[in-house]
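Novice: Structure in structure tokens, see below.
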Amino acid sequence: MKRFLFILSIVPIVCILGACIGVFILNRPTGAGKKEVEVRHGATVKQISQQLYRKRLVHSPRLLQFFAQINGSSRRLKAGIHPFNGRMTTWEVLLELERPRDVTQNVTILEGLEKKQVAAILSEKLNLDQKKLLLLMHSPTFCKTLSVQAKDLEGYLFPETYNFSTTVSEQQVLRRIVEHCRAVFDERLQRRAEELEMSIHEVITLASIIEGETSWDSERDTIAAVYHNRLKKGMRLQADPTVQYALPGEPRRLFYRDYRYDSPYNTYRHAGLPPGPINSPGRASIEAALFPADIDYLYFVATGEGGHIFTRTLQEHATAKKRTAATRENTWKKRKLVTGD
Numbered sequence: 008m009k010r011f012l013f014i015l016s017i018v019p020i021v022c023i024l025g026a027c028i029g030v031f032i033l034n035r036p037t038g039a040g041k042k043e044v045e046v047r048h049g050a051t052v053k054q055i056s057q058q059l060y061r062k063r064l065v066h067s068p069r070l071l072q073f074f075a076q077i078n079g080s081s082r083r084l085k086a087g088i089h090p091f092n093g094r095m096t097t098w099e100v101l102l103e104l105e106r107p108r109d110v111t112q113n114v115t116i117l118e119g120l121e122k123k124q125v126a127a128i129l130s131e132k133l134n135l136d137q138k139k140l141l142l143l144m145h146s147p148t149f150c151k152t153l154s155v156q157a158k159d160l161e162g163y164l165f166p167e168t169y170n171f172s173t174t175v176s177e178q179q180v181l182r183r184i185v186e187h188c189r190a191v192f193d194e195r196l197q198r199r200a201e202e203l204e205m206s207i208h209e210v211i212t213l214a215s216i217i218e219g220e221t222s223w224d225s226e227r228d229t230i231a232a233v234y235h236n237r238l239k240k241g242m243r244l245q246a247d248p249t250v251q252y253a254l255p256g257e258p259r260r261l262f263y264r265d266y267r268y269d270s271p272y273n274t275y276r277h278a279g280l281p282p283g284p285i286n287s288p289g290r291a292s293i294e295a296a297l298f299p300a301d302i303d304y305l306y307f308v309a310t311g312e313g314g315h316i317f318t319r320t321l322q323e324h325a326t327a328k329k330r331t332a333a334t335r336e337n338t339w340k341k342r343k344l345v346t347g348d
């Protein structure tokens with residue numbers, strides 16, 4: 008009986024001693040060389056431990072998870088590029104993961120860019136997967152998770168200079184940009200859209216056309232007025248930027264045959280607004296779409312020098328086109344020489 012009690016009392020000690028020896032063995036350095044590991048934002052302790060195990064920087068991912076639990080480190084692990092070497096114990100690896108190592112990068116999205124152009128910029132600046140970005144931008148399911156009532160993210164990639172972590176994921180970067188777009192479209196703008204009996208999607212769609220028409224802030228509300236007036240009268244918008252968007256390839260000079268191109272985005276063939284935005288409009292164009300000038304213009308034509316001539320009648324419009332034809336022709340010739348098209 009005494010022998011049994013002795014064995015019973017010694018078993019826990021042996022187990023504890025064995026566990027300590029096991030922890031000591033698993034906690035020892037792996038002997039791997041110097042390595043840098045990129046920890047992404049939102050990565051869990053389990054994911055990070057598996058990542059370090061594959062890099063041969065820890066002997067046991069479970070031990071790292073155990074250390075993180077008893078040390079309360081789970082919420083303190085920092086994203087970024089962490090330096091490790093094979094002389095570090097698992098405990099030292101955990102302490103390194105708590106050190107701030109994040110690197111950030113400024114990324115500027117300009118007004119009037121299409122989603123494919125935004126994807127290219129994000130891919131280049133943040134080393135993201137461009138194909139994955141485009142797939143997410145075209146995913147109705149992903150749009151729904153962002154509360155975007157559209158089939159894709161065209162128009163919702165708000166122009167701004169952002170500061171992103173270089174470890175941000177494709178989903179995270181798009182989520183932040185779209186959330187900023189929603190923040191810009193605040194209660195004041197939402198109330199105004201309701202007054203005009205327009206949805207947010209319709210406002211952004213109209214704003215994107217305005218963005219495509221001019222870079223002059225002084226003209227935006229006038230151009231907006233023209234389109235509002237045409238919509239009220241049941242006239243087709245006949246907006247060149249929508250034809251440019253519909254046509255395959257890069258923007259170019261439009262010819263008469265292009266205006267017959269069959270696309271729901273071609274506002275020369277189809278009445279009303281196109282199905283969705285044609286680029287990412289900035290704040291000024293959104294404001295213009297919601298607060299158009301109080302004028303009765305129905306037409307405008309580019310001067311070829313950056314601005315537009317606005318007119319009320321078709322006859323006035325035809326006269327303005329004749330006056331500006333030579334200048335517009337020279338503008339396209341100069342652009343052709345610059346681009347090499």
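Numbered continuously in the numbering used here, the sequence shown closes out at residue 348. Idealized CB from N, CA, C, for every residue including glycine. Here the structure is a predicted model, which is why all the values come from computation and not from measurement.
Which residue's Cα is closest to the Cα of F192: G93, L297 and V250?
Specialist: For this step, residue 192 is matched to residue 185 along the sequence shown. The shortest Cα separation from F192 among G93, L297 and V250 belongs to L297.
Novice: Can you tell which of K240, Y266, G241 and R243 has the C-alpha that lies nearest to the C-alpha of Y252?
Specialist: As a position in the sequence shown, residue 252 is number 245, starting the count at 1. Among K240, Y266, G241 and R243, the Cα nearest to that of Y252 belongs to Y266.
Novice: Quick one: what's T115 bridged to in DSSP?
Specialist: As a first step, residue 115 must be located in the sequence shown, where it is residue number 108. BP columns for T115 point to T168.
Novice: Would you check if the distance between the CB atom of K42 and the CB atom of P90 is smaller than 9 Å?
Specialist: Counting from one through the sequence shown, the residue named residue 42 turns up at place 35. Counting from one through the sequence shown, the residue named residue 90 turns up at place 83. It is a contact, given that the beta carbons lie within the stated cut-off.
Novice: By DSSP, does R61 sit in helix, in strand, or in coil?
Specialist: Taking the sequence shown and counting its residues from 1, one reaches residue 61 at position 54. Residue state, collapsed to three classes: helix.
Novice: May I ask which residues mark the beginning and end of the alpha helix (DSSP H) holding I7?
Specialist: Shown here, the chain extends from 8 to 348; a query on residue 7 therefore has no answer.
Novice: Per the DSSP calculation, Y306 is bridged to which residue(s)?
Specialist: Numbered from its first residue, the sequence shown carries residue 306 at position 299. BP columns for Y306 point to T318.
Novice: Classify D228 as buried or exposed, calling it buried when 16 or more other Cβ atoms lie within 10 Å of its own Cβ.
Specialist: Here the question's residue 228 lines up with position 221 in the sequence shown. Its Cβ being crowded by 16 or more others within 10 Å, D228 is buried.
Novice: When you compare only the Cα positions, how much space is there between V155 and R183?
Specialist: In the sequence shown, the residue the question calls residue 155 occupies position 148. In the sequence shown, the residue the question calls residue 183 occupies position 176. One C-alpha to the other measures close to 13 Å.
Novice: Below 9 Å between beta carbons: does that hold for V110 and S172?
Specialist: Taking the first residue of the sequence shown as 1, we reach residue 110 at position 103. Taking the first residue of the sequence shown as 1, we reach residue 172 at position 165. Yes.
Novice: Determine the direct distance from the alpha carbon of F317 to that of D247, and round the result to whole angstroms.
Specialist: Counted from its first residue, the sequence shown places residue 247 at position 240. Counted from its first residue, the sequence shown places residue 317 at position 310. Cα to Cα, D247 sits roughly 15 Å from F317.
Novice: Using 8 Å as the threshold, is the segment 197-217 in touch with the segment 281-299, meaning 3 or more CB pairs across them?
Specialist: Flag = yes, the segment 197-217 and the segment 281-299 touch.
Novice: So, helix, strand or coil for V44, using DSSP?
Specialist: The sequence position of residue 44 within the sequence shown is 37, counting from 1. Strand, per DSSP.
Novice: Going by DSSP, what residue range makes up the beta strand (DSSP E) through H89?
Specialist: Counting from 1 along the sequence shown, the entry for residue 89 is found at position 82. Where H89 is concerned, the enclosing beta strand (DSSP E) stretches over G87 to F91.
Novice: What whole-angstrom Cβ distance do L238 and V250 have, given they're in contact under 8 Å?
Specialist: Here residue 238 refers to the residue found at position 231 when the sequence shown is read from its first residue. Here residue 250 refers to the residue found at position 243 when the sequence shown is read from its first residue. In fact, because the Cβ distance is near 18 Å, the residues do not count as touching under 8 Å.
Novice: For I88, tell me which candidate among P281, L102 and V44 has the shortest Cα-Cα distance.
Specialist: As a working note, residue 88 is residue 81 in the sequence shown. Nearest option by C-alpha distance: V44.
Novice: What's the gap between the Cα of H277 and the Cα of L244?
Specialist: Your numbering for residue 277 matches position 270 in the sequence shown. Your numbering for residue 244 matches position 237 in the sequence shown. Going from the Cα of H277 to the Cα of L244 covers about 9 Å.
Novice: What does a CB cutoff of less than 6 Å around A295 pick up in its chain, not counting 5 residues either side in sequence?
Specialist: Position 288 of the sequence shown, counting from 1, holds the residue named residue 295. I217, R227, D228 and A231.
Novice: I'd like the ranges of any beta strand (DSSP E) spanning at least 3 consecutive residues and lying wholly in the segment 240-316.
Specialist: Whole beta strand (DSSP E) segments, 3+ residues: 306-309.
Novice: Taking only the alpha-carbon atoms, compute the straight-line gap between F165 and M242 and give it to the nearest angstrom.
Specialist: Along the sequence shown, read from residue 1 onward, the residue named residue 165 stands at position 158. Along the sequence shown, read from residue 1 onward, the residue named residue 242 stands at position 235. Rounded to whole angstroms, F165 to M242 spans 29 Å at the Cα level.
Novice: Do Q137 and H48 have their beta-carbon atoms positioned less than 9 Å apart in this structure?
Specialist: If you number the sequence shown from 1, residue 48 lands on position 41. If you number the sequence shown from 1, residue 137 lands on position 130. Their beta carbons are not under 9 Å apart, which means H48 does not touch Q137 by this criterion.
Novice: Confirm, please, whether the CB-CB distance from H145 to Y169 is below 9 Å.
Specialist: As a first step, residue 169 must be located in the sequence shown, where it is residue number 162. As a first step, residue 145 must be located in the sequence shown, where it is residue number 138. No, these two residues do not count as a Cβ contact at 9 Å.
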